[in-house]
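Visitor: The structure's right below; bear with me while I get my questions together.
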Amino acid sequence: MNLATLGRRVGLALAAPAMATAFAFSLAALVLIVSGSDPLVAFGEMLENGTRLETMVDTLNRATPLFLSGIAAAIGFRMNLFNIGVEGQYLMAAFFAAAAGGAVDLPPVLHVGLILVVAVTVGATYSGIAGVLKVTRGVNEVISTIMLNGIAVAGLLPFLVRALADDSGSANVPGTTEISESGRMPSLNGVVEIFTREIGKGRELSSVLLIAAAVGVLYHVFISRTRFGFDLRASGINPFAARVGGVPPQRMVLIAMLLSGAAAGLVGMFEVLSDKFKYDQSFVQGLGFGGIAVALLGRNHPIGIAIGAVLFGFLDASSGVLQVSGSASREIVVIIQGVILLAAVVAYEVVSRFREREEARMAALALQATPTTSNAGGAA
Amino acid sequence: MMERWNAWPSWARWMSITAVGVFILATVQLVGSDTEQLTSVTTAQAMLRWCVPILLAGLGGLFAERAGVVNIGLEGMMILGTWFGAYGAFNFGPWWGIAFGLFGGALGGLIHAIATVSFGVDHIVSGVAINILFGPGGATRYLSDQIFSTYEGGAITQSPRVDRVGSFTMPFLAGGNIGSWESPDLLGWLDDQGWFYISDIAGLTKGLMAQISLFTLLALALVPISGWVLWRTRFGLRLRIAGEDPVAGETLGVNIYRHKYAGVIISGALAGLAGAFIVIELTGIYREGQTNGRGFIGLAALIFGNYRPGGILAGSLLFAYPDGISLRDLDGSATHALLAVIAVVLTGVFIFSLVRQKRTDAAIALAFALGAAIWYGVTDEAPTWLPNIMPFVFVLLVLVFNSQRLRMPKASGMVYRKGET
Amino acid sequence: MAPTDSPPAIELRGITKRFPGVVANDDVNLTVAEGEIHAIVGENGAGKSTLMKILYGMQPPDEGEMLVKGEPVRFSSPGDAIARGIGMVHQHFMLADNLTVLENIILGDEPRRRFGRIDFRAARTQLEVLNSAYGLDVDPNDLVETLEVGERQRVEIIKVLYRGARILILDEPTAVLVPQEVEELFRNMRELKEDGATILFIDHKLEEVLAIADTITVLRQGKTVATVDPNTVSAGDLAELMVGSELPSPETASTEVSTTPALRLEGVTVLDLDERPVVEDVSLTVHEGEIVGIAGVEGNGQGELVDAIVGVAETVTGTIELGNEDIGTWPVRRRRDGGIGYVPQDRHREGLLLTAPLWENAALGHQTKAPYARGPWIDRKGARNHTETIVDDFDVRTPSIDTCALALSGGNQQKLIIGRELTASPKVLIAAHPTRGIDVGAQAAVWDDIRRARGDGLATVLISADLDELIGLSDRIVVMFRGRIVAEVDPADVTPRDLGAYMTGAAL
C-alpha cells in the first residue's frame, strides 16, 4: 500500500465522524436558536470551560469508564455479537467489587487487586450467562442481555443495595461500606502537575486511566496480532467461512462474551476505586449504553474508541458551565451526543458503500490492465 | 399428540392454556397460601392495565419485524410517546394526548426507518442509538427543561398532572350501567360465592370487564385489527413480503422501501401510544424513566408470542400478571404464592420434556422447579423486587425451552438494498 | 418460425449498462418476434442476467432504447414491466417460504375488496382456472417451504401467467432440473407458445437450446454477436460464437492412480436436525493421485457428505479415515491442519471474508500454521509474502493484496481460494462446484490447477452439477441419490444422459 492510498483511507475513515460531529453541532445550534439561546455563546462557554485544566481532568475521568465500556462492547461487535448487556454487567460487577472491597482490609496493592479481580469475574460471569444461553440453547444475545439488564437494574441491584445498607445503618444514601485507604487507586495529580500548574477545585486525575490504557493496548494486540484475534474477527465477518476454516464457533461466542463481560466489569472501577469508594443507590448508570455509543463511533478501533470517549467526556464535563451561566440548558449535550452517534453510523454506512464501489472499480481496472483472453466477468 | 394440538386454532390453544393456568392458580391459592390476590378482581384489573403498554409496544415490534426491521428502539419511541402524550394531554385534553403520543412515537419510528431502510444502518445499532438519544436524561429532558419547567407543577424531569379518558363496564356480566339503570353483576356474584375454580375464573373475567378505560379498549381492539391488517389486506401482505423475502416482492413490483417505512413508522406510533397510555392511564403524569424498560418487555412479548398478535396479547398479560398481584400485595404473600405456581408449571414442563425425551430440557426445568419450590418452602413472604424481574425471567425461560420453535420473519434484521440480489 | 408481420414483441436498440469498472451490456440489439421461443446464450459473465434484469425493469439501462410491441418503453420497476405484459421466472426462485402458494402468486396484483381487503375467494377461483389449464397440483394454502423444486418452478410460472403476462422471460430455468424434468419443462413451454405466448429464455446448455428455440441470440462480453436459426447451426458453431474460439473442455491426461488410499469413508451416515438420514451408509475410497467425481441432483446428500468430511455436519456415524488415521471425532481445525483442503460450493458463504483484505482471506483455514502464523501470533509479513506468491502463481488479478475480497470478480476470488488450498500442501482436496459461476478463462485455470495437483499425487473429491466437468476431470464417478451411492461409472464410457438417469433414480 503506498502513501497516497494510505492517506486516502485515513481521510475516508475520518470523514464520517467529522461530518457527523459537525452535523450534530449544527443541529444543536438550531435547537438552541429555536429555544431562544445563543448557540455561539453556549458553545463558546463550553469551549472556554472545557480547556481549563480542571475540566480537562474531569473530561479524562469521565472518558475512562466510557472507554472501558466501549472496549467491552467492541469485543462483542468484532464478532458480530451485540452485547447490549454491558450496562447490567458493569453495575453487578461494581456492586460486588465494592462490597468485597468494603468488607475486607488488605495490604494496599492486594486490596486493589482483589477488587479488580472480583469486578472482572462478576462481569464475565454475568455476560457468561448470555454466552451459555446462546451456545447451548440458541438464545439470541441481544434479547438475553436486555433481559439480564432488566433483572440486574430493576430487581437485583436495588434489593442488594438495600439489604447491605440495613446492616451499616448509615444515614446517607444506602450503599456498601466505604473502601478503606488501602483499596483505593492513587491520584495522578502529582505526575500531571510536573508539567502544568497545580490542579485546583479538589479535582483528582484517577489512575484508573492507566488501567484503561493498558486494556486498550491489550485489546489492540489481541485483536490484530494474535491467531485468536484473527479467529474472532473472522467469525465476526463470516461465521460460516470461519467455521469451515477451523474456528470453533460455539467456543468463540462463549469466549468473546466472557471477555466482553470481563472488560465491562472494569467500567465501574473509576467510581469504586477513586471517586465514591462504594456502591450506592446513586451509582452512575447508563455507561453501558454510552460505551456502545463510543464503540460505534470509534469503529471498534481502540484509538477511535478513545477519541469517542474523550469527545463524549468533554461534552459532559464542559457543559456544567451552562447550568451556572444559564445561557442554555446543559441537556443540549445529550442531544449532541445522540445525534453524533446516529449521524456517524449513517455516515459510516455511506462511506463504506462508497469505498466498496471504489475498490471494485480499482479491481476491475487491474483486470483490464493485464492482457487477457477472458472477459471482465462478475457483472451479475 | 403434538400434531393434533398444533392443528387447533390459536385462540383455542391460548384459551386452554389460560384455563389450565387459572386452574393452577386456584389450586395453589386454595391449598398452599393465605392470599386471595392470585385470582381477585383487582388483580385482573391491574394486570389488564399494566399489560396495555407491553401489548402496544409488542404490536409495535410486530409491525416492524414483519416488515423486516428489528426495532429495539421501541423503548426510546415509547419515551417519546410519554413526553408527547403528556404535552398533548395537559394542553388539549387526554384524547389529544393519545394523538400526540402516536405522533411522537411515529417520529422516532421515522428516524429508525431513515437510518435502517434508506441508509442501511444495522438495525440493532440504530435502535441503540435511538434509545440513547431519547432515553432517560436525553432529548426529552431537554424538552422538559424548555417546556414542562415553565408549567405550574412541572419540572425538568416531570410534567404537571394530566386527566384520564373515560371508562366502561360491561352490563349484565360485570354490572355496568345502561343509561342510568344499573344492570345485574353476574360475574361479581359468582366471584363472591367462593366456589373453587368457578369463582376464580369469574373474578379474573370480571376484572377484565369492569371499569375498563376506553383507552384500554382501544388497545385491545388493536390486537384483532393488527391481525386483520397484516394477514387479510393487500397492505399487510406486501408488508410481510418485505420481512420474508424483499427481493421476491421487488420482482413483483412491490415497493419494498415504502412498506418498510410504513411498518417502522406504525411500529413507532404504537410504541408512542404505549407511552401515552402510561402517562394518561397509569400514572397521570410524565416522569422521566417511568417506562422502566417496558419497551424491551414488549419486545419480549413479541418473541414470546411468536410474532403474532394473539400471542403478543397472551405474553403481555403473562408479563403484567406479577405487576398485577404485587400492586395490592403489601405483605408479599401473593408473590410468595406465585413461587409455588411457578414450581408447579415448571414441574409440568419437566414431565412434558421427559415424555418427549428431551433430557436437557427436563433437567433444566426440574432444577428451576426445585429452586422455586425450595424458595417457597423456606420463606413466608417474597421480596418486593421479585415481581419486577419476573417478566425478564419468564422471557429467558421461554427462550430456553422454546427458541427452536419460534419463527421470526425470514429477512428480519437484514439490510435490504434495491436492485441487489 | 413465427409470423413476422406484426411488430416484434420486444425490440432492444443499443442497450448499454455499466457497473463500476465493468461494461455488462455493450450496445445490445435484440429483436424478439411475437409468439416465438427466443433463446439467449452466452457464457457466465456475458451479461445475460443483466440484460434480463433491464428487460424486467429491475435495473435501468444507461443508454439505449426498449420497445415492447412497437411502443417505446422506460421501466423504473418490475411493476412497469408487468403492466406491459412481461413476466419473469428467475433463476433463483423468488418465493417466500413462509407465505402460502396463493399469497406468493397474488402478491403485487391482489384482487381487492373494500378497505384494501384481499378477496381470497376470487383469487382462489382465478388460480383454479390456471391450475386446470396447466396441471399444477398443489394446495394454494400450503406453505411454499413444503414444496419441491419442480413444484416451485411451476408456482413461479403460474405466478407470471396470473399477471396475464404474454411475454415470459425464463432465466436459466433448466439449471436446477435434471434432463428428464427439462423435457417436461420444454413440453410446457411449447404449450404456452401454442397459446400465443412469447418466450425469451436464457441458457448455456447448447443441446437444450437447439432443441427448443426458434431463434438464438448469442451474447459475448456484453455484446450481441449474432442471431441465428437453430436449424442452420451446430452446437460447435454456437460454442465458437460464445467464446470467440474453441470452447475449452476439461480432460484428464491419463496417468496411473496409486493404490494408497488417502481418504476412506466406511458406512457414513449423516442425520439432519430432525434426525432423518440425509446421507446413508456411504462407503467410498479416494486414492492418492485420483479424482473421484460425485454426481447428483442438488439436495441428494452431496453437501452433507462434504460437511461430514470437513467436520461441520450435525450427527455423523461411520468411519472417516485420512491416511491411516480415524478422523471421525476430530474437530474441523484438526482435520484442516491434518491435510484436508476445502473449496466450498458457495464461496461467498463459506469461502471468503468478503470485507477483509486478500491476505487475510488467504490465511483463512490455515491461520494456525506457517507462513501465516508463528506460535500464537499472526505472522503478518509471512502471510503477506505468501499471498503475493499465490496471487502470482494462480494468476489472481487484483490491484493489491490489501484489496477486499468483495472487490474481485468471481473467477479471481475462486483462483485465490484454489491457490490458498493447494499451496497449503493438502493430502485430500474436497472441491465442491469449483467452477460454478465463473468465467471461461478462470474455469480453464481452475481445471488446470486441479489436474496439476492430481499429477502431484493429490486425492480429490469433486462435486459438480456440470456433468461435462465431472466426466472430463474424474477418474471415477459415483452417483448419489437420496443420500446413498447408487452407482459407480467409468467416465470414459458414460454420457451426461446416462448420468441423468442415475441421478433421478430412473435407471435403478
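Residue numbers (this note's numbering), protein chains in the order written: chain A, 39 to 418; chain B, 3 to 423; chain C, 2 to 509.
No residue lacks a Cβ here, since even glycine has one placed at the ideal position from N, Cα and C.
What are the boundary residues of the alpha helix (DSSP H) that includes C:Lys416?
Guide: Taken as a continuous stretch (DSSP letters only), the alpha helix (DSSP H) holding C:Lys416 covers 411 to 423.
Visitor: Alpha carbon to alpha carbon, how far is A:Val322 from A:Val372? Give it in angstroms, no decimals.
Guide: Roughly 16 Å between the two C-alpha positions.
Visitor: Taking C-beta pairs closer than 9 Å, name the residues in chain A that B:Val427 reaches, listed in chain order.
Guide: Look at the range of chain B in this structure, 3 to 423, and you will see that residue 427 of chain B is not part of it.
Visitor: Taking only three categories from DSSP, how would you classify B:Ser185?
Guide: Of the three classes helix, strand and coil, the one that applies to B:Ser185 here is coil, per DSSP.
Visitor: Taking contact to mean at least 3 C-beta pairs separated by less than 8 Å, is the region 214 to 224 of chain B in contact with the region 377 to 391 of chain B?
Guide: Too few Cβ pairs lie closer than 8 Å, so no.
Visitor: So, C:Thr199 versus C:Glu35, is the Cβ gap smaller than 8 Å?
Guide: Taking 8 Å as the Cβ cut-off, C:Thr199 and C:Glu35 qualify as a contacting pair.
Visitor: Please report the distance separating the alpha-carbon of C:Leu103 from that of B:Leu239.
Guide: Distance between the alpha carbons of C:Leu103 and B:Leu239: 11 Å.
Visitor: Relative to the C-alpha of C:Arg348, which residue among C:Thr436, C:Asn30, C:Asp494, C:Leu264 is closest?
Guide: Looking at the Cα atoms, C:Thr436 is the closest of the given residues.
Visitor: Within the continuous alpha helix (DSSP H) that includes A:Ser298, where are the two ends?
Guide: Looking at the DSSP string, the run of the alpha helix (DSSP H) that includes A:Ser298 is 287 to 303.
Visitor: Should B:His125 and B:Gly270 be called a contact, given that it needs their Cβ atoms to be closer than 8 Å?
Guide: Their beta carbons are not under 8 Å apart, which means B:His125 does not touch B:Gly270 by this criterion.
Visitor: Would you please state the rounded distance, in angstroms, between the beta carbons of C:Thr404 and A:Ala401? I believe it to be under 8 Å.
Guide: Confirmed, Cβ separation roughly 6 Å.
Visitor: Buried or exposed: A:Ser64, going by 16 or more other Cβ atoms within 10 Å of its Cβ?
Guide: So A:Ser64 ends up on the exposed side.
Visitor: For C:Asn232, count neighbouring C-beta atoms within 10 Å of its own C-beta (all shown protein chains included) and say buried if the count is 16 or more, exposed if not.
Guide: With fewer than 16 Cβ atoms within 10 Å of its Cβ, C:Asn232 is classed as exposed.
Visitor: Flag C:Met481 as yes if its beta-carbon sits less than 8 Å from any beta-carbon of chain B, otherwise no.
Guide: Not one chain B Cβ lies under 8 Å of C:Met481.
Visitor: Which partner residues does B:Arg289 have in the DSSP bridge list?
Guide: In the DSSP output, where bridge partners are listed per residue, B:Arg289 has B:Gln160.
Visitor: Report the rounded CA-to-CA distance for B:Arg361 versus B:Ile353, giving the unit in angstroms.
Guide: Spanning the two alpha carbons is a distance of roughly 10 Å.
Visitor: Reducing DSSP to helix, strand and coil, say where B:Phe65 ends up.
Guide: Correct three-state label for B:Phe65: helix.
Visitor: Could you tell me the boundaries of the alpha helix (DSSP H) in which C:Ile106 lies?
Guide: From DSSP, the alpha helix (DSSP H) with C:Ile106 extends over 102 to 107.
Visitor: Can you tell me where the alpha helix (DSSP H) with C:Asp204 in it begins and where it stops?
Guide: No alpha helix (DSSP H) holds C:Asp204; the beta strand (DSSP E) holding it covers 199 to 204.
Visitor: Quick one: what's C:Ile321 bridged to in DSSP?
Guide: The partner list for C:Ile321 (beta bridge, DSSP) reads C:Leu266.
Visitor: Return the first residue and the last residue of the beta strand (DSSP E) that C:His288 is part of.
Guide: Taken as a continuous stretch (DSSP letters only), the beta strand (DSSP E) holding C:His288 covers 278 to 288.
Visitor: Does the distance from the CB of A:Leu52 to the CB of A:Gly123 come in under 8 Å?
Guide: Contact: no.
Visitor: Whole-angstrom Cβ separation of A:Ala62 and C:Leu354, contact assumed at under 8 Å?
Guide: With 8 Å as the limit, A:Ala62 and C:Leu354 do not qualify as a contact, their Cβ atoms being about 33 Å apart.
Visitor: Would you report the Cα separation of C:Asp275 and B:Leu398, rounded to the nearest angstrom?
Guide: Approximately 24 Å, taken between the alpha carbons.
Visitor: Hey, quick one: how far does the beta strand (DSSP E) through C:Phe482 stretch, first residue to last?
Guide: Segment 477 to 482, the beta strand (DSSP E) holding C:Phe482.
Visitor: Can you give the Cα-Cα distance for A:Gly161 and A:Pro103, rounded to whole angstroms?
Guide: When rounded, the distance between both Cα atoms is 14 Å.
Visitor: Out of A:Ala272, A:Asp269, A:Ala136, A:Val305, which one is the CA nearest neighbour of A:Ile249?
Guide: Looking at the Cα atoms, A:Val305 is the closest of the given residues.
Visitor: Going by Cα to Cα distance, which pick from A:Pro212, A:Leu68, A:Leu106, A:Ser298 is closest to A:Gln319?
Guide: The shortest Cα separation from A:Gln319 among A:Pro212, A:Leu68, A:Leu106, A:Ser298 belongs to A:Pro212.
Visitor: Look at the Cβ atom of C:Ile486, then the Cβ atom of C:Val480, and state whether they are nearer than 8 Å.
Guide: For C:Ile486 and C:Val480, yes; Cβs fall inside 8 Å.
Visitor: If you follow the alpha helix (DSSP H) that B:Leu315 is part of, which residue opens it and which one closes it?
Guide: Where B:Leu315 is concerned, the enclosing alpha helix (DSSP H) stretches over 311 to 329.
Visitor: Could you give the distance in angstroms between the alpha-carbon of A:Gly346 and the alpha-carbon of A:Arg337?
Guide: For A:Gly346 and A:Arg337, the distance between alpha carbons rounds to 10 Å.
Visitor: Using three-state DSSP, classify B:Arg358 as helix, strand or coil.
Guide: Of the three classes helix, strand and coil, the one that applies to B:Arg358 here is coil, per DSSP.
Visitor: Verify whether the separation of the beta carbon atoms of B:Arg143 and B:Glu290 is less than 8 Å.
Guide: Against a cut-off of 8 Å, the Cβ pair of B:Glu290 and B:Arg143 comes out as a contact.
Visitor: Pairs of beta-carbons, one from the region 141 to 152 of chain C and one from the region 170 to 188 of chain C, closer than 8 Å: are there three or more?
Guide: Verdict: yes, contact present.
Visitor: Whole angstroms is fine: what's the gap from B:Thr293's alpha carbon to A:His339's?
Guide: Going by the C-alpha atoms only, they are around 34 Å apart.
Visitor: Would you mind telling me which residues of chain C sit closer than 9 Å to A:Phe268, beta carbon to beta carbon, in chain order?
Guide: Glu361, Ala364, Leu365, Gln368, Tyr373, Ala374, Ile379, listed in chain order.
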